[in-house]
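Residue numbers (my numbering), protein chains in the order written: chain A, 25 to 360; chain B, 138 to 470; chain C, 631 to 920.
Cβ coordinates follow ideal geometry from the N, Cα and C atoms, glycine included.
Quick notes on the structure that follows.
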Amino acid sequence: MEMDVLLEVNNLIKYFPITSGLFLQRVIAQVKAVDGVSFALSKGETLGLVGESGCGKTTVGRSILQLYRPTAGQVIFQGKDLCRLSEKELRPLRQKLQIIFQDPYDSLDPRLTAEDIIGEPMRIQGTIRGRAYRERVAELLNIVGLAPYMAELYPHEFSGGQRQRVGVARALALEPSFIVCDEPVSALDVSIQAQIINLLDDLQQQFSIAYLFIAHDLSVVRHISDRVAVMYLGKIIELCDRDELYKNPLHPYTRALLSAVPIPDPLVEEQRAPIILKGEVPSPINPPSGCPFHPRCFSAFEPCPTVVPEFADVGGGHLVSCLLYPPSWPQSRTEG
Amino acid sequence: MSALLEVRNLSTYFYTQDGVIKAVDGVSYEVARGETIALVGESGCGKTVSGLSILRLIPEPPGKIVSGEIIFDGVNLLELSKDDMREIRGAKISMIFQEPMTSLNPVLTVGRQISEALETHLRMGRQEAHQEAVRLLELVGIPHPERRAKDYPHHFSGGMRQRVGIAMAISCHPQLIIADEPTTALDVTIQAQLLELLRSITKELGTALILITHNLGIVARYARRVYVMYAGRIVEHGPAVAVYHDARHPYTVGLLTSVPRLDEERKTRLVPIEGQPPDLLYPPQGCPFYPRCSHAGTCELEEGKELVEVAPGHYSACWVAQRGLTPWKWTSS
Amino acid sequence: MAVAVETLRAHHTLWGDAFIRLRRNRLAVAGVIVIILLTLGAIIQPLFSPYGFAKQDLYSILQGPSRAHPLGTDELGRDVFTRLMAGCRTSLAVGIFTQVIVVLIGLPIGAFAASMGGRVDNLLMRFVDVMYAFPDILLIILLRSIFGGSIYMIFLAIGLVAWVNVSRLTRGQILSLKERDFVTAARAMGARGIYTTLRHLLPHALGPIIVAVTFNVPRAIFAEAALSYIGIGVKPPTPSWGTMIRDGYDLIFAAPYLVTFPALAIGILMLSFTFLGDGLRDALDPRLRR
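Have a look at this one:
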């Protein structure tokens, strides 16, 4: 894994205001969708971002790409802070920063043919035209495993998996170095998911693309990622290497999450029992005080409702934000 | 002991403008009292339609239960009158749906919806039914049940609504619950809460459960026996351990190798099933999986309709497996 | 690694698919046929008729339908059939040209409001609300008294009061589409606002707009007839069904056909457009597709 950092996200914050009033819209509350997210991504690396609904993972992806303008924070790419750039200045950079969406039925304009859809980035950016354009579209179709005649078909004539391939082809059009994969396989059938996951894997090998892979399915995330970040209520509460996450999860939420994911093997399952969390995910408008997870935490102790834990490295690149593991926590991890 | 529910050779077709869709085509399965079985398959395989057929909830037109028998506690449900069927629905057999928002009536309070069923089926009085409804809400883990019984469905979150759905399903002490993708729309920790709840309730009440899902993990965790469906037919069935560890149909094998496992040691490459699920308007003849099967070389196209026992209690529709061969084991690690 | 798939279903463009579905709707097809027949009649008949629509023949007043006059004559001996067809021209012209004005004004306003959002949207919509609340008849009377009773004035008057609905519809359509993923995808590629609106949003909004316009036509036709009936529509000698009804009303017991035929004509033309509108709405609804 190369160590050259491609993308650096520092304390990204995105709040959505809730307004009320007829003419003068007053802000009465904020939805704290993303509340201080930081990480670095290297070239060709996959960072998995996992969490349940309302944790803010989709907002993180879109905020990094400036599709939502962040409320605060920095996104450093090619030496520039994207948050400080105007839309005009961002435009040329957008060739290298792309996104693949979850819903294959919604992310393609149903009135355009596959060719139009895949070629749109080139048309918008104006970089490739004429014969080179047509050749590139044909090449992209081939890269994602679609037959050439499919260029003239409309989205409704494709299956879900094929539509997703069109979406991937579109994202690849201008040779991006970073792609946000926003739940790219959640809406697909099980047997098709594997095809798309393999496709994404192969493309990464071939073109050295870095992925931010956002999903709620921990099995898929663990499979495709090099490192995994777990989000809860707008914050990353744990970030570490994929194997480390499974073998040695530190944060209680991570442990509950892992235990809740069923494994397709009855013999293994016989030995497991899910940790059942109490209650539901609180609203991001009014997150709990102190550690956001404390009301549901089975290991919560005295300082948890009042002290906000630091997100810090507890050894070997394993970052966690939990008062059970203060930054000065010793290397030897023997747990009860 | 005879089975509680026996579905024999069920076929449900949909007659559309474009042609006939054979959603369920000659499907048989059974559930014993108190047993939990799973119907697993991807979208379009017919698992949901077969569940709806049991309760005769198929819209006619365009659907029609064309043939077969559904024997419940000795009675063929397909021969019952509409009134008799209504007695069964909700009382002896109940259903939990995937989308809790659409299966709950938005203009009735949650308490009322539950008590309605109790009044109708168990002939309880208003007061008694209301109290029982509150008790049920508490049983399924809804905090402050007395107060929340007066709330409407949109006041609840998805997980809570599904709990209400469970409460409704168990309210009349049914002998069988059909759960159609009950947790697909929910987060994984909520899913765990609900399925554990369902497991403990069915154990306590002795209710049989048909779990319809596409999630192989859920099946492994909760079902004793598994029926694998593809293109409207059952291609393999047997005890869960046997089906997972000694799969005897290339589709099952394909599913198992294409699904990422949380506990995989190092990053293993997924082996997807090539191609697309079949278009049910033009289903393949003979074995429905033949066009996508990577072991098709050894097979006869015309076969693949009959399920044959290939190991004790373990049945497969695969021509190759029926001859005792398992070529998928030779190629996979 | 190519995945070969056969498309077993026929390949249609979206408009092609809508057209096929429209064809299947018998009422809509009947509506179209009637409209075409009436249009042809309106164009051709007055050219070939032995009578001009204003030609009086005081020797043949108030004659019922006969071989010479298929629909009879009125109190000035004018041939009713010719007048009916001539009035059809007026009605059709009003129906179509008012909608041109409606679309030219309503669509850009709605699209602009939706695209800009925020305060601009707010202001524009309040303006639209005011226009909507403004009494139509008053505006028409006002315009009529200033500009006279030519048919162009009628186009303008009816158009000016009817554009509001289309602007609201356009705005609603575009607002609901703005958050769709394919629009976000275009932004992610660096598309400017105008490009997105023209290439992605408006084509989608076209469907409901076409349907709304089709339903507006019979309302415009009726509006013109009603205005002419009460005397503030087109000025004679421009033919109009409304005027015919008003003139024939006094003789309704003596010669009922003078009122019946124009009234029937109005009803049939309006109904035809309504059937067509219904059919278009079903044909263009993407959810009903397969």
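Selection C:I771, C:H699, C:V813, C:F764 evaluated against A:L136 yields C:V813 as nearest (Cα-Cα).
Under the 8 Å Cβ criterion, the stretch 291 to 309 of chain B counts as touching the stretch 233 to 240 of chain B, having at least three qualifying pairs. Under the three-state reduction of DSSP output, C:D751 falls in the helix class. Its Cα nearest to that of A:D213, the residue B:Y367 stands out among B:K340, B:Y367, B:Q299. When the Cα atoms are used, A:E111 and A:Q122 turn out to be separated by approximately 15 Å. In this structure, A:V244 lies near A:I221, with their beta-carbon atoms less than 8 Å apart. If you check the CB distance, A:I37 and A:G60 come in under 8 Å.
Burial is judged here by how many other beta carbons sit within 10 angstroms of a residue's own beta carbon; C:L670 has fewer than 16 and is exposed. Distance from the CA of B:P421 to the CA of B:Y427, rounded to the nearest whole angstrom, comes to 8 Å. Scanning its chain for C-beta atoms nearer than 7 Å, with the 5 sequence neighbours on each side dropped, one finds around C:T868 the residues T720, I781, in chain order. Between B:P196 and B:Y152, the C-beta spacing is not below 8 Å.
Contact between B:T149 and B:A160 holds: CB atoms are separated by about 5 Å, below the 8 Å threshold.
When beta bridges are read from the DSSP output, C:A787 appears opposite no residue.
For B:E341, none of the residues of chain A pass the 9 Å Cβ criterion, the least Cβ distance being about 17 Å. Against A:E304, the close residues of chain B are S294, G296, M297, I327, in the order they occur along the chain (beta-carbon pairs closer than 8 Å).
Assigned with DSSP and collapsed to three states, A:D133 falls in coil, not helix or strand.
Excluding sequence positions up to five before and after C:G907, its CB lies within less than 7 Å of the CB of V841, T844, F845, all in the same chain and listed in chain order. Listed along chain A are R86, L91, I123, F125, S131, each with a C-beta nearer than 9 Å to that of C:T814. Considered as a whole, the stretch 42 to 126 of chain A harbours 50 to 66, 70 to 74, 96 to 101, 121 to 124 as its complete beta strand (DSSP E) runs of no fewer than 3 residues, in chain order. If the five residues before and after C:H830 are omitted, its C-beta is found closer than 8 Å to the C-beta atoms of L807, F812, V813, A816, all from its own chain and listed in chain order. Within the DSSP secondary-structure output, A:M255 pairs in a beta bridge with A:I260. Counting C-beta pairs with one atom in each stretch, the stretch 259 to 272 of chain A and the stretch 325 to 333 of chain B have fewer than three that are closer than 8 Å, which means they do not touch.
The bridge partners DSSP lists for B:P376 are B:R362. Of the other Cβ atoms in all chains shown, fewer than 16 fall within 10 Å of the Cβ of C:I860; this residue is therefore exposed. One Cα belongs to C:I804, the other to C:G748, and the distance between them is close to 14 Å. With contacts defined by Cβ atoms closer than 8 Å, B:I202 and B:L215 form a contacting pair. Taking 8 Å as the cut-off, the Cβ atoms of B:S431 and B:E373 do not count as close. Among the CB atoms of chain C, none fall inside 8 Å of the CB of A:Y235. Fewer than three pairs of CB atoms, one per stretch, sit closer than 8 Å, so the stretch 178 to 198 of chain A makes no contact with the stretch 66 to 85 of chain A. Looking at the backbone, the Cα of A:I233 and that of A:V204 are separated by about 10 Å. Following the DSSP letters along the chain, one finds B:E143 inside the beta strand (DSSP E) bounded by residues 142 to 153. Counting the other CB atoms within 10 Å of its CB gives C:E809 a total below 16, which places it among the exposed residues.
The beta carbon of C:G820 falls within 8 Å of a beta carbon belonging to chain A, placing the residue at that interface. DSSP places B:G156 within a strand segment (E or B) once states are collapsed to three.
Secondary structure remark: continuous alpha helix (DSSP H) runs of at least 4 residues inside the stretch 675 to 720 of chain C: none found. Contacts with chain C at 8 Å (Cβ-Cβ) do not include A:P200.
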